[in-house]
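A short write-up of the structure that comes next.
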Amino acid sequence: MSETFSLGGDLTVNRLGYGAMRLTGEGIWGYPADRDNAIALLRRVVELGVNFIDTADSYGPHVNEELIRQALHPYADDLVIATKGGLLRTGPNEWPVLGRPDYLRQAVETSLLRLGVERIDLYQLHRVDPAYPLEDQVGELRKLQEEGKIRHIGLSEVTVAQLEAAQAVAPIASVQNLYNLANRGHEAVLERATEQGIAFIPWFPVATGELARPGGVLDAAAKDHGATPAQLALAWLLRRSPVVLPIPGTSSIAHLEENVAAAKIELTDEEFEKLSAQA
Numbered sequence: 522m523s524e525t526f527s528l529g530g531d532l533t534v535n536r537l538g539y540g541a542m543r544l545t546g547e548g549i550w551g552y553p554a555d556r557d558n559a560i561a562l563l564r565r566v567v568e569l570g571v572n573f574i575d576t577a578d579s580y581g582p583h584v585n586e587e588l589i590r591q592a593l594h595p596y597a598d599d600l601v602i603a604t605k606g607g608l609l610r611t612g613p614n615e616w617p618v619l620g621r622p623d624y625l626r627q628a629v630e631t632s633l634l635r636l637g638v639e640r641i642d643l644y645q646l647h648r649v650d651p652a653y654p655l656e657d658q659v660g661e662l663r664k665l666q667e668e669g670k671i672r673h674i675g676l677s678e679v680t681v682a683q684l685e686a687a688q689a690v691a692p693i694a695s696v697q698n699l700y701n702l703a704n705r706g707h708e709a710v711l712e713r714a715t716e717q718g719i720a721f722i723p724w725f726p727v728a729t730g731e732l733a734r735p736g737g738v739l740d741a742a743a744k745d746h747g748a749t750p751a752q753l754a755l756a757w758l759l760r761r762s763p764v765v766l767p768i769p770g771t772s773s774i775a776h777l778e779e780n781v782a783a784a785k786i787e788l789t790d791e792e793f794e795k796l797s798a799q800a
């Protein structure tokens, strides 16, 4: 199993990344209760060799990007920070979609300022806004790419048809969809990403649900490896396809270290097949 992936063909990242969303207040709103812990955790992320961090302007809003800059700027040469835009925040747990092209341009410009960079490594359309043509939304990101403000363009929560429509407008380097061992509704998108060598970034990657019940296949495999069900769920994702870049998130340094250790777990063919057959 390859431990790295070439994102967009020119950014080599370790395949197990970190999703920073949880470093906010309740409802993904405001600052975390313990800012010092958030800063320490982000620094521990890079100490552990994680060099792919996923965030968004809507996390906080703005809080997440600000914390990343505070903790890690100036950034290590190999650190890839991916952010997203296209959602508004009107309160805790409220996420209205806004993909109007001029708003997306504003979102990119302000993320550049908050992160303290001249170019964003990977900028993802957080959601496709049905109120505007997809081609116009991706087209604006393409213009920003041509201006040197975005290195690579990604999408989030899209279908195969939407991916294809976006690819007619701009090169797409990644897709970030809900996907985990217990929820594989986006299997077709993952297959397409695998075929084309596009990064597939599963969000909510460690969900195990009923699969982790005592005595079940996941529970048994975890015990065999001296690991947790969450670690096995991550190991399964890494084995599922070489383009998968899981981004487990946490606000606990101990949990972070546990997640990162999952990259060292190697499932046997039999274990992988048994786990794959469960959902």
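With my numbering as the guide, the letters of the sequence shown map in order to residues 522 to 800.
We put the beta carbon where it would ideally sit given N, CA and C, even for glycine.
All values derive from a computational prediction rather than experimental measurement.
CA-to-CA distance, residue j to residue i, given in whole angstroms
{"i": "R760", "j": "E712", "result": "14 angstroms"}
{"i": "D790", "j": "S797", "result": "10 angstroms"}
{"i": "L739", "j": "A733", "result": "5 angstroms"}
{"i": "G570", "j": "Y539", "result": "11 angstroms"}
{"i": "G730", "j": "A754", "result": "11 angstroms"}
{"i": "S695", "j": "D650", "result": "18 angstroms"}
{"i": "D575", "j": "I602", "result": "6 angstroms"}
{"i": "Q717", "j": "D642", "result": "20 angstroms"}
{"i": "E792", "j": "K664", "result": "46 angstroms"}
{"i": "P617", "j": "S632", "result": "18 angstroms"}
{"i": "Q752", "j": "A782", "result": "8 angstroms"}
{"i": "L766", "j": "A652", "result": "30 angstroms"}
{"i": "E656", "j": "R672", "result": "19 angstroms"}
Residue i versus the options, residue with shortest Cα-Cα distance
{"i": "E678", "options": "R672, L608 and Q697", "result": "Q697"}
{"i": "V659", "options": "L532, I674 and G770", "result": "I674"}
{"i": "V629", "options": "V781, G620 and Y644", "result": "Y644"}
{"i": "Y552", "options": "H583, P654 and L676", "result": "H583"}
{"i": "E778", "options": "T525, L662 and L537", "result": "L537"}
{"i": "A577", "options": "V567, A559 and L544", "result": "L544"}
{"i": "T771", "options": "F526, D599, L562 and L528", "result": "L562"}
{"i": "G737", "options": "H746, R556, A541 and Q799", "result": "Q799"}
Beta-carbon contacts of residue i that lie in its chain and below 7 angstroms, excluding the five residues immediately before and after
{"i": "Y700", "result": "H707, L711 and P723"}
{"i": "L788", "result": "A756, W757 and R760"}
{"i": "G669", "result": "R640"}
Neighbour-count burial assignment, residue i, 16 or more Cβ in a 10 Å radius
{"i": "K744", "result": "exposed"}
{"i": "P735", "result": "exposed"}
{"i": "T804", "result": "For the chain, the structure presents residues 522 to 800; residue 804 sits outside this window and is missing."}
{"i": "A689", "result": "exposed"}
{"i": "G612", "result": "exposed"}
Neighbourhood of residue i by C-beta distance below 6 angstroms, restricted to the same chain and skipping five residues each side
{"i": "S579", "result": "L608 and R610"}
{"i": "P769", "result": "P726, V727 and N780"}
{"i": "R590", "result": "L636 and G637"}
Contact test: residue i Cβ vs the ligand SAH heavy atom, cutoff 7 angstroms
{"i": "I549", "result": "In the structure on display, the ligand SAH does not appear, and there are no ligands present to speak of."}
Local conformation of residue i per DSSP, three classes
{"i": "T525", "result": "strand"}
{"i": "H647", "result": "coil"}
{"i": "A802", "result": "Because the chain here runs from 522 to 800, residue 802 falls outside it and cannot be looked at."}
Chain-order list of residues whose beta-carbon lies under 8 angstroms from that of residue i (same chain, five-residue window excluded)
{"i": "T715", "result": "F721, S762, P763 and V764"}
{"i": "P750", "result": "T729, L732, A733, L739, D740 and A743"}
{"i": "N483", "result": "Given that the chain is displayed from residue 522 to residue 800, the structure contains no residue 483 and the question cannot be resolved."}
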